[in-house]
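Asker: Numbering (numbering that gives the first Met the number 0), first residue to last: 0 to 176.
Below are the structure tokens for one structure; questions will follow.
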Amino acid sequence: MHEEKNLRRAARSLCGAGALVLVLGGCDAVSTDKTPERVRNGISELDLTVTGRPTPGSLALTEHVLARLMARDADGLAGLALEDGDAQDDAERWVARWGDAAQRPATADFSVGEKDATVDIHFTGEASALSLLLIPNDEDDAYADSYVVALDTASQVTAGSPTFLTSTSTSATTSLR
Numbered sequence: 000m001h002e003e004k005n006l007r008r009a010a011r012s013l014c015g016a017g018a019l020v021l022v023l024g025g026c027d028a029v030s031t032d033k034t035p036e037r038v039r040n041g042i043s044e045l046d047l048t049v050t051g052r053p054t055p056g057s058l059a060l061t062e063h064v065l066a067r068l069m070a071r072d073a074d075g076l077a078g079l080a081l082e083d084g085d086a087q088d089d090a091e092r093w094v095a096r097w098g099d100a101a102q103r104p105a106t107a108d109f110s111v112g113e114k115d116a117t118v119d120i121h122f123t124g125e126a127s128a129l130s131l132l133l134i135p136n137d138e139d140d141a142y143a144d145s146y147v148v149a150l151d152t153a154s155q156v157t158a159g160s161p162t163f164l165t166s167t168s169t170s171a172t173t174s175l176r
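In structure tokens, the structure reads:
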């Protein structure tokens, strides 16, 4: 009888520990959405060739910008830009200018500067290139691989020339540098 009580107590403890692991372990047993992150955020749809030497952070942020352009999502693109200023208007102009081009295959050529990274994006059938300026999210942390994209029409060059995104953004960071 004493052994039976101990076995029940051990079984309850084991069940309790298992439930705790499921709840705290992030098992996601109750989640019904098993869609991979790359599919949910549109990156899996990109037909992108990469040249140069991107860091994981600069590549991830570039993919997010291209996915927002491909989806013609000005709100999502504005979320990758500086919050103070006219990010929404800038994003709408970007979607109007590059939305059609983003439906085609692209090549992203990464050039890494001392701190910033420049990405020249060449869309198939597009005469001009889209150039992104990626700025470190934390310039004081030399080992962080976290970038923000700059979106500022004041710094854009005339049509036919590369267009730079140059306002820093704190709202859409990718943890990489």
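All C-beta atoms, glycine included, are put in the ideal place defined by N, C-alpha and C.
As the structure is a computational prediction, the values presented were derived from the model and not from experiment.
For a quick check, are the C-beta atoms of R67 and L76 less than 7 Å apart?
Answerer: Result yes, Cβ atoms of R67 and L76 sit closer than 7 Å.
Asker: Helix or strand or just coil, what does DSSP make of T54?
Answerer: coil
Asker: Which first and last residues belong to the alpha helix (DSSP H) in which D225 is found?
Answerer: The structure shown has nothing for residue 225, since the chain only spans 0 to 176.
Asker: Run through DSSP, which three-state label would T61 get?
Answerer: Reduced to three states, the DSSP call for T61 is helix.
Asker: Indicate the three-state DSSP secondary structure (helix, strand or coil) for A116 in the structure shown.
Answerer: A116: strand per DSSP, three-state reduction.
Asker: Is it true that the CB of T48 sits closer than 7 Å to the CB of T106?
Answerer: yes
Asker: Who pairs with S110 in a beta bridge, going by DSSP?
Answerer: T117
Asker: For L68, which of helix, strand or coil comes out of DSSP?
Answerer: It is helical.
Asker: Are the Cβ atoms of L150 and A73 separated by less than 7 Å?
Answerer: no
Asker: Measure the C-alpha to C-alpha separation of L79 and E125 and round it to an integer number of angstroms.
Answerer: 24 Å
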